[in-house]
Every structure is written in C-alpha cells, then in structure tokens.
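Student: Line order of the protein sequences matches chains A and H. Residues 87 to 301 in the working numbering are what the first sequence spells out, letter by letter. Residues 87 to 301 in the working numbering are what the second sequence spells out, letter by letter. Note that CB positions come from ideal geometry on N, CA and C, so glycine has one too.
Number of protein chains: 2
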Amino acid sequence: MLKLYTYFRSSAAYRVRIALNLKGLAYQSVPVHLLKSGGEHLQDGYRAINPGAMLPSLQDGDAILTQSLAILEYLEEVYPDSALLPADPLGRARVRALALTVACDIHPINNLRVLKYLGGTLHLSDEAKTEWYRHWVRQGLAIIETHLARDPQTATFCHGATPTLADCCLIPQVFNAQRFQVDVSAYPTIAAIHARCSGLPAFIAAHPAQQPDAE
Amino acid sequence: MLKLYTYFRSSAAYRVRIALNLKGLAYQSVPVHLLKSGGEHLQDGYRAINPGAMLPSLQDGDAILTQSLAILEYLEEVYPDSALLPADPLGRARVRALALTVACDIHPINNLRVLKYLGGTLHLSDEAKTEWYRHWVRQGLAIIETHLARDPQTATFCHGATPTLADCCLIPQVFNAQRFQVDVSAYPTIAAIHARCSGLPAFIAAHPAQQPDAE
Chain A
87 MLKLYTYFRS SAAYRVRIAL NLKGLAYQSV PVHLLKSGGE HLQDGYRAIN PGAMLPSLQD
147 GDAILTQSLA ILEYLEEVYP DSALLPADPL GRARVRALAL TVACDIHPIN NLRVLKYLGG
207 TLHLSDEAKT EWYRHWVRQG LAIIETHLAR DPQTATFCHG ATPTLADCCL IPQVFNAQRF
267 QVDVSAYPTI AAIHARCSGL PAFIAAHPAQ QPDAE
Chain H
87 MLKLYTYFRS SAAYRVRIAL NLKGLAYQSV PVHLLKSGGE HLQDGYRAIN PGAMLPSLQD
147 GDAILTQSLA ILEYLEEVYP DSALLPADPL GRARVRALAL TVACDIHPIN NLRVLKYLGG
207 TLHLSDEAKT EWYRHWVRQG LAIIETHLAR DPQTATFCHG ATPTLADCCL IPQVFNAQRF
267 QVDVSAYPTI AAIHARCSGL PAFIAAHPAQ QPDAE
C-alpha cells in the first residue's frame, strides 16, 4: 500500500492527500510532527527518507518520492484514472502554471523554516512575521485570481469541470490564508472554487482537521 | 517563432533558455529589464502578458505560457526530441524532485521581490540580505548534493548520460550561488555536473553573459 509521510497541517502533504483521494488510492498515513521534539522531520530517521527534511514523502513499494508536485505528476502518470491534468498541452501548461504559482511563489516563502529564520535569526516580532505571511499570500492569490478570472477555461474548478493539480494546490493554500486571517472573499473566483471543492468527499477527507494526527 | 520574455540574469528564464537550446528550438528573445524604469516587468504592458509580473513568459503562436517549470514540461510534451525527462515514472519523479528543489526550495526565497521586501519593508542591511541569500542557497545545494551523491542514477548529468530538467534548473542556481560567493566546491557532485554542463553549447549559449541584453 502507498505510504504517505504527512503532517496534518502541512500544506504540501495536504495537496497529495487530495490527489490520492480524488484518484481513489488507499494509503497509509505516517505522521511526522513538525513541532514536537524540535521537529521530527529534522531527525536522522526522517532525513534518511527525505534529505530535504520536508513533507511529504510518498513510498510506493520500495521507492520513496519527494517534492509534492513531483509526487502529483507521478501519481498522474502511474494511476491515470480520474485525471488531474487535461489532455491538451496548453491546458496542461495552464494547470501546472496555476499549481506552481502556489508551490513556488507563495508557499516556500511562508514555510516553517523561513518563519523560523525570520523569528530566530532576524528577531522579527510575531506581528512582523504575520504581516510577512499575509503579504505573500495576498500577492499570490491576487495573481491567481487574475489568471482565473480572465480565462474562460476557468469553470467549476480552476480548469474545467473536474478538479486538477491546480485545485489540489489552491485549496490547501486557501486553508493557510484563512488560518492567518487573510480575507479570501477579496478573490471571488478563488472563493467560489474553494466553496465547491469544500463540498467534495476527496477534499473533505484530506482536510487537516480530518487527519489521524490532527490536534 | 517561439518568443521568450527574458532577462539575462533571470534564473528562471535561464532554465528555459537551456531547454530551448538543448531541443534545438529557435526563439526570439524579448528582454524585460527587472531594474530599469522601476522594473519593466511591473508595468502594465508586461502584466497583461504575465499577471504575476515575473519572468519568463513564452509565446508559442497565440498562446502565452508562464511559470518556468510549466514551460519546460510544455516544451517536453510538444517538442519531445532531445528528451529532458527519462521514460520511466520513477526516473521522471526523481528528475522533477531535483528540479523542484531548486525551483521551490531555493529560488523563490531569494527572488528579487523578496530581497526588496527584506531591504525596503524590513530595513535589513545589505550584509544581512546577503547572508539570507547564502543561507538558502547553501541549505538547498546541500540537499541536492545528498540526493545526487547517494543515488547511482547520478552520472554525467543529474540523471544519466543526457541533460534533464534537473540540469536546466541546477546550472542557473549554481550561477546565482557563485554570484553571491557561495563556494560550490563544497558540493562536489554538483560542481562536477556544473563543469560538464558548462562545456556544452546549449548551456554556453543560455548563459547570462551571452544574452543580447547582457550588461
């Protein structure tokens, strides 16, 4: 069975949980706590699995895969049912660009290790760290909103009538935005897609609150 | 003809230039200066092309593509000759994970807009900004070095005997590292791959110093 190294609130793990659920793939959750014991992800045991000490990692048989977007592409190639990418190259590029806007332009800048550096090394106040977080979320969501709002391919979901990799990345980012009190209603297309995804079993089961390690 | 919106020193544009050259695809360079006139990428003309106001963008016929990794995947799908991904799903996942370690875990944190925020909003000194830059480069390159050094699939290039998306992302990151005086010899596998790539015409022609807008 597929084994997912995960943490309930990890945004990147959340992406993969959605994809696994959309494809109906059963998997075993292996929780790795990012805060307990100075960070279980930073310990040798997990570093042997994932030298980047980041979540998620996916084990399929003997193989261990890292980087959430590489895992999503792998799942799409090996388990093509319930496709998460459209068939046409331009559509695929559009979906990937939306996913990458979350995965490159918002999330890494707000990741735990960056926030730790801001607080620990640069001695930023909690207030300044929160403003940092919101700044990049707002800027990134505004870019995604512009892309979505101006393109007729945006429909029930980010691209057409079924969820894609773009939705797998966007919904966890909206969760993070709300956690930091960013008003997502300022991005009406995103908010509408979020509302629709939030009613689907695959997204509900992947939500942080539904994980075995939720606190 | 393909049209690439580029800036000679943009690391993400550099990735796409390498891929275009490796595939032997002719393209027209459209320089977008990141520093002149307060940043040409921030002006309405370029924002209409790329709402994220980032480089690169690729125009193929009437279509405009954004996000360098989405562009690389598109080129691979539409122009499959001189493949930049291996054929097997696990190999593809490995190459993508290496590329994403650069594209998600190093580059966005050190991007121009982040450095501007550190200096402008947080009033960090140039010294502290440089230390920030080097910190994420060192951490990221160390992760990539571990991945490369422990895996027998690492060979002439990051994955096997021909360049892949991983090399397209790694070489521009090494250029950035050297620009900020990070000693790349601390990562011997990366340094060796960098030396080999640096001798190839596709990489030479994509180098910032060889661009029409180089300063």
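Which chain H residues are close to Val188 (chain A), counting only those with a beta carbon under 8 Å from its beta carbon?
Tutor: The residue labelled residue 188 (chain A) in the question sits at position 102 within the first sequence. What Val188 (chain A) touches in chain H: nothing, since even the nearest Cβ is about 10 Å away.
Student: Got a sec: which bits of the stretch 170-194 of chain H sit with their beta carbon under 9 Å from any beta carbon on chain A, in order along the chain?
Tutor: Pro175, Leu176, Arg178, Ala179, Arg180, Val181, Arg182, Ala183, Leu184, Ala185, Leu186, Thr187, Ala189, Cys190, Asp191, Ile192, His193, Pro194
Student: Would His221 (chain H) count as contacting chain A if we go by Cβ distances under 9 Å?
Tutor: Locating residue 221 (chain H) in the second sequence gives position 135, counting from the first residue. His221 (chain H) counts as touching chain A.
Student: Establish whether the CB of Arg224 (chain H) and some CB of chain A are separated by less than 9 Å.
Tutor: Your numbering for residue 224 (chain H) matches position 138 in the second sequence. No, because no Cβ of chain A sits closer than 9 Å to the Cβ of Arg224 (chain H).
Student: Taking Cβ-Cβ distances shorter than 7 Å, what residues in chain H pair up with Gly138 (chain A)?
Tutor: Sequence index remark: in the first sequence, residue 138 (chain A) carries index 52 (1-based). What Gly138 (chain A) touches in chain H: Thr187, Asp191, Ile229.
Student: Would Arg236 (chain A) pass as an interface residue toward chain D - the criterion being a Cβ-Cβ separation below 9 Å?
Tutor: Here the protein chains are A and H, and chain D is not one of them.
Student: With DSSP collapsed to three states, give me the class of Tyr160 (chain A).
Tutor: Taking the first sequence and counting its residues from 1, one reaches residue 160 (chain A) at position 74. Reduced to three states, the DSSP call for Tyr160 (chain A) is helix.
Student: Please state whether DSSP places Ala300 (chain H) in a helix, a strand or coil.
Tutor: Counted from its first residue, the second sequence places residue 300 (chain H) at position 214. Reduced to three states, the DSSP call for Ala300 (chain H) is coil.
Student: When the Cα atoms are used, what is the spatial distance from Ser284 (chain A) to Ala173 (chain A)?
Tutor: Along the first sequence, read from residue 1 onward, the residue named residue 284 (chain A) stands at position 198. Along the first sequence, read from residue 1 onward, the residue named residue 173 (chain A) stands at position 87. Rounded to the nearest angstrom, the two C-alpha atoms are 25 Å apart.
Student: What residues in its chain sit with their C-beta under 8 Å from that of Gly226 (chain H), if we drop five residues either side in the sequence?
Tutor: Here the question's residue 226 (chain H) lines up with position 140 in the second sequence. So the qualifying residues of the chain are Thr187, Val188, Asp191, Ile192, Gln259.
Student: Can the beta-carbon of Phe94 (chain A) be found closer than 9 Å to that of Asp253 (chain A)?
Tutor: Numbered from its first residue, the first sequence carries residue 94 (chain A) at position 8. Numbered from its first residue, the first sequence carries residue 253 (chain A) at position 167. When the beta-carbon positions are compared, Phe94 (chain A) and Asp253 (chain A) stay at least 9 Å from each other.
Student: Identify every residue that forms a DSSP beta bridge with Lys215 (chain H).
Tutor: As a working note, residue 215 (chain H) is residue 129 in the second sequence. According to DSSP, Lys215 (chain H) bridges with nothing at all.
Student: Could you check what DSSP says for Val223 (chain H) in three-state terms: helix, strand or coil?
Tutor: Start at 1 with the first residue of the second sequence, and residue 223 (chain H) comes out as number 137. Val223 (chain H) falls in the helix class under three-state DSSP.
Student: Would you decide whether Arg265 (chain H) is buried or exposed? Buried here means 16 or more other CB atoms lie within 10 Å of its CB.
Tutor: Taking the second sequence and counting its residues from 1, one reaches residue 265 (chain H) at position 179. The residue is exposed, with fewer than 16 neighbouring Cβ atoms inside 10 Å.
Student: Apart from the five residues just before and just after Thr240 (chain A), which ones in its own chain have a Cβ nearer than 7 Å to its Cβ?
Tutor: Indexing the first sequence from 1 puts residue 240 (chain A) at position 154. Taken in chain order, the residues that qualify are Leu234, Thr275.
Student: Identify the continuous alpha helix (DSSP H) that holds Ser143 (chain H) and give its terminal residues.
Tutor: For the purposes of this step, residue 143 (chain H) is taken as the residue at position 57 of the second sequence. Where Ser143 (chain H) is concerned, there is no enclosing alpha helix (DSSP H), although the beta strand (DSSP E) around it starts and stops at 143-146.
Student: Check Ile150 (chain A) in the structure and name its three-state DSSP category.
Tutor: To locate residue 150 (chain A), count along the first sequence from 1; it is residue 64. Ile150 (chain A) falls in the strand class under three-state DSSP.
Student: State the DSSP-derived secondary structure class of Thr250 (chain A), mapped to helix, strand or coil.
Tutor: One-based indexing of the first sequence puts residue 250 (chain A) at position 164. Coil.
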